[in-house]
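Chains as they are written, first to last, in the UniProt record's numbering: chain A, 1 to 340; chain B, 1 to 340.
All C-beta atoms in this analysis are idealised placements derived from N, C-alpha and C, irrespective of residue type, glycine included.
Structure first, then comments.
2 protein chains.
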Amino acid sequence: MVDLDVVEGNVRRMQYLARSSGKALRPHAKTHKSLLLARLQLEAGAVGVCAQKVSEAEVFVKGGVRDVLVSNEVLGSNKARRVAELNSLGSRVGVAVDSVRGVEVLENAASDLSVEVPVLLDVDVGMHRCGVSPGNASSVLAAISKARHLKLEGLMGYDGHSGSLSAESREWEVRRGWRTLEEVSRQAGSVGLRVEVISVGGTPTAHLWAGTEATELQPGTYVYNDAHQVELGVAREEEVSAFVVAQVVSSSGGRAVLDVGTKGVSVDQGYPLVVSHPGATVASMSEEHTVLTAQLRLEERVVLVPRHVCPTVDLWDEFVAFRGGRAVGKVRVDARGKKW
Amino acid sequence: MVDLDVVEGNVRRMQYLARSSGKALRPHAKTHKSLLLARLQLEAGAVGVCAQKVSEAEVFVKGGVRDVLVSNEVLGSNKARRVAELNSLGSRVGVAVDSVRGVEVLENAASDLSVEVPVLLDVDVGMHRCGVSPGNASSVLAAISKARHLKLEGLMGYDGHSGSLSAESREWEVRRGWRTLEEVSRQAGSVGLRVEVISVGGTPTAHLWAGTEATELQPGTYVYNDAHQVELGVAREEEVSAFVVAQVVSSSGGRAVLDVGTKGVSVDQGYPLVVSHPGATVASMSEEHTVLTAQLRLEERVVLVPRHVCPTVDLWDEFVAFRGGRAVGKVRVDARGKKW
């Protein structure tokens with residue numbers, strides 16, 4: 001269940017943050033995977049969207065989005081060819097790279113189709129997942145400068161690790177991440193590459209990156225928010241727009257069992273919040289059931305706020321959209337389940 | 001990726017266990033959600049399948065399965081009506097009940113369509129999720145005996161809690177669960193209800209229930225198996241038939257990053273095993289990435305065995321089927337994402 005009124009408020013606020021700090025906003029579409037939501041974001045002023053998979057980018061390009069950044073490494077000649085094909089269709093589909101091999105694979109695919117593929121050098125700003133460090137950036141920069149069908153647009157730095165940090169530590173990490181980006185930017189300049197774009201940040205740190213000289217923000221979760229963002233102090237409870245509504249199907253001895261479990265609410269960051277019944281907490285979850293410590297009536301509706309909304313959305317083919325407190329239709333999760 | 005040779009061995013072995021112990025086998029289809037796999041099981045001798053949702057049952061009935069047990073409570077007039085409709089189509093679709101309200105809702109729906117709906121009284125055999133205890137069974141049994149359009153076929157007892165117990169404790173729990181079922185069976189007899197079916201067990205305890213006087217086994221996971229079943233000692237590694245194959249997309253400093261994360265492998269029971277690279281372990285997982293503690297080549301293929309295969313299967317629209325070590329086609333996960 002998605003409250004579109006709240007979605008629109010979230011979209012407006014994030015666009016305002018970006019505009020008022022002179023940044024472009026490129027929302028991450030992996031959160032909603034929905035053409036309708038992407039269009040709301042683009043109409044509000046977003047320059048394009050991020051996708052995390054080539055298959056997601058394909059959904060958005062085919063749905064009319066003309067500027068997509070695959071904010072992830074693309075390896076394998078098949079995936080690289082699909083990126084080149086998307087660029088040959090007239091959309092701009094950029095890709096993150098962090099290895100010489102990644103550059104080679106993209107260059108081969110772009111060369112085969114005689115297209116230019118925009119790339120961002122992915123910089124490890126502290127998450128230690130993908131991305132180059134200043135110490136190993138030079139070989140990748142050299143490969144990019146030699147690749148005739150790739151164009152370095154700039155740098156990308158995603159700080160997913162900040163989601164587990166205190167507000168103070170997040171501020172400190174962003175400052176440190178910015179210095180890393182500056183250092184790699186200097187290295188690019190020294191081999192004659194111009195860094196026009198520095199694309200950074202997720203929902204927990206977008207407001208902090210707004211204070212740096214990065215050029216582009218790529219938060220995703222803000223459109224829906226979740227229990228984790230509320231706990232981080234990044235979103236208020238009334239800014240949560242996505243809920244899972246379940247029904248009590250069994251009840252006895254102070255416990256109530258709901259007809260939705262981990263196949264309907266992702267628990268990768270923990271159990272959901274029970275917002276409809278403030279006294280109730282989740283005792284356990286299995287595939288198809290959630291057990292609450294509460295005595296509730298059979299058939300009663302219970303509203304859950306997922307702790308991590310992005311993978312939860314990916315479990316659903318569609319959602320019921322609400323406006324003004326009333327259901328107004330079903331909306332497809334267009335890129336649901338896209339994997340590669 | 002599913003190895004159909006291994007699947008067929010698993011199907012044969014479980015069918016043999018059931019047959020040799022005089023039980024009917026009703027495999028739980030929530031594991032595979034696939035008509036192809038259900039047909040393999042039925043051809044091997046299964047009497048029908050279990051589904052966990054009405055929407056899953058609809059997929060199997062429409063796919064030609066004529067005997068389905070919704071091994072879960074069905075509340076809400078909409079869901080109950082759909083169960084009655086499925087029965088009016090000529091298939092037998094039974095339902096678990098554990099409350100007087102559940103009996104009323106089903107009776108109303110069955111009465112509206114003038115059909116008979118088979119029900120099993122769900123008995124709590126120790127899991128403390130759904131199901132009646134001997135102390136609160138009598139009111140539900142009385143309601144069933146009055147309901148003119150419901151037919152009590154027997155009892156159901158699912159022991160999902162056993163999956164976290166040692167082999168010895170599981171044995172003990174099954175004996176205790178059997179005594180509970182006997183007690184409720186006596187109560188049913190005393191109000192003139194005949195218990196013909198006692199349907200029990202999951203993959204970790206099917207071999208233990210085979211030694212009781214239960215009439216029907218309903219394991220699901222055995223068809224694929226997973227890291228959890230291997231750890232329990234219930235399946236051998238060579239009996240695992242479902243894998244997620246990922247690719248290294250980033251690599252540096254002793255870590256390798258794969259292009260699949262929690263949107264492709266469920267982590268509700270923990271991280272997957274890396275079977276292709278015995279030295280490698282999972283350091284962390286996020287939505288779209290898995291970080292391994294291993295230095296691997298970019299583009300290298302890595303084979304993961306999920307710790308919990310059922311919700312992992314539900315993340316995929318289809319799988320690549322192998323026979324004799326060769327890919328032979330793609331198979332749809334027909335009931336993927338079915339929620340209510």
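Contact set between the segment 42-63 of chain B and chain A, restricted to residues whose Cβ is under 9 Å from the partner: GLN52, LYS53
Per-residue contacts from ASN72 of chain B into chain A (C-beta, under 7 Å): GLU288
CB of ALA38 of chain B within 8 Å of CB of ASN72 of chain B, strictly: no
Neighbour flag for ASN108 of chain A against chain B, beta carbons, 8 Å: no
N- and C-terminal bounds of the alpha helix (DSSP H) containing ALA38 of chain B: 35-43
Proximal residues to GLY201 of chain B (C-beta, below 7 Å), its chain only, five neighbours per side dropped: ASP159, TRP209, LEU217, GLN218, PRO219
Endpoints, the beta strand (DSSP E) within which PHE243 of chain B is located: Segment: none, PHE243 of chain B is in no beta strand (DSSP E) and carries neither H nor E.
Distance between beta carbons of THR221 of chain B and CYS310 of chain B, contact taken as under 8 Å: 6 Å
contact_flag[the segment 308-323 of chain A, the segment 278-285 of chain A] where n(CB pairs < 8 Å) is 3 or more: no
Span separating the alpha-carbon of CYS130 of chain B from that of MET285 of chain A: 12 Å
is_contact[LEU86 of chain A, chain B] using C-beta, thresh 8 Å: no
Chain-order list of residues whose beta-carbon lies under 6 Å from that of MET1 of chain B (same chain, five-residue window excluded): PHE243, VAL245, VAL320
First and last residue of the uninterrupted alpha helix (DSSP H) at LYS62 of chain A: 54-62
Residue from B:SER250, B:ARG81, B:SER276 whose Cα sits closest to the Cα of VAL291 of chain B: B:SER250
Span of the alpha helix (DSSP H), counted from its first residue to its last, around GLY177 of chain A: 167-190
Simplified DSSP state of GLU238 of chain A, which is helix, strand or coil: helix
Contact list for the segment 275-300 of chain B against chain A, Cβ threshold 7 Å: SER286, GLU287, GLU288, HIS289, VAL291, LEU298, GLU299
Cβ-based neighbour list, SER145 of chain A, same chain, cut-off 6 Å, excluding 5 preceding and 5 following: VAL191, LEU193
Beta-carbon gap between VAL174 of chain B and THR205 of chain B smaller than 8 Å: yes
Stretch pair the segment 14-26 of chain B + the segment 40-57 of chain A: three plus CB contacts closer than 8 Å: no
Chain-ordered neighbours of GLY264 of chain B on chain A, where CB pairs are closer than 7 Å: LYS339
Paired residues, beta bridge with ILE198 of chain B - DSSP: B:LEU155
Extent of the continuous alpha helix (DSSP H) to which ASP5 of chain A belongs: 4-20
Per DSSP, the bridge partner or partners of LYS330 of chain B: B:VAL320
Interface partners of residue 341 of chain A on chain B, CB under 7 Å: Any question about residue 341 of chain A goes unanswered here, given that chain A covers just 1 to 340.
Residue closest to GLY223 of chain A, alpha-carbon to alpha-carbon, out of A:GLY102, A:VAL11, A:ASP5: Sequence check: residue 223 of chain A is Val here, not Gly. Taking only the C-alpha atoms, the option nearest VAL223 of chain A is A:VAL11.
Positions along the segment 14-37 of chain B whose CB lies within less than 9 Å of some CB in chain A: LYS30
Per DSSP, the bridge partner or partners of ASP122 of chain B: B:MET156
Neighbour-count burial assignment, ASN225 of chain B, 16 or more Cβ in a 10 Å radius: buried
Residue from A:SER133, A:GLY154, A:HIS128, A:ALA142 whose Cα sits closest to the Cα of HIS161 of chain A: A:HIS128
Any C-beta of chain B under 8 Å from that of VAL249 of chain A: yes
Terminal residues of the alpha helix (DSSP H) in which ASN87 of chain B lies: 77-88
Residue range of the unbroken beta strand (DSSP E) whose run includes THR290 of chain B: 290-292
Cutoff 7 Å; reference VAL234 of chain B; Cβ partners in own chain excluding five residues on either side: THR203, PRO204
Opening and closing residue of the beta strand (DSSP E) in which GLY325 of chain B lies: Note, GLY325 of chain B: premise wrong, no beta strand (DSSP E); not H, not E.
For SER250 of chain B: DSSP bridge partner residues: B:VAL257
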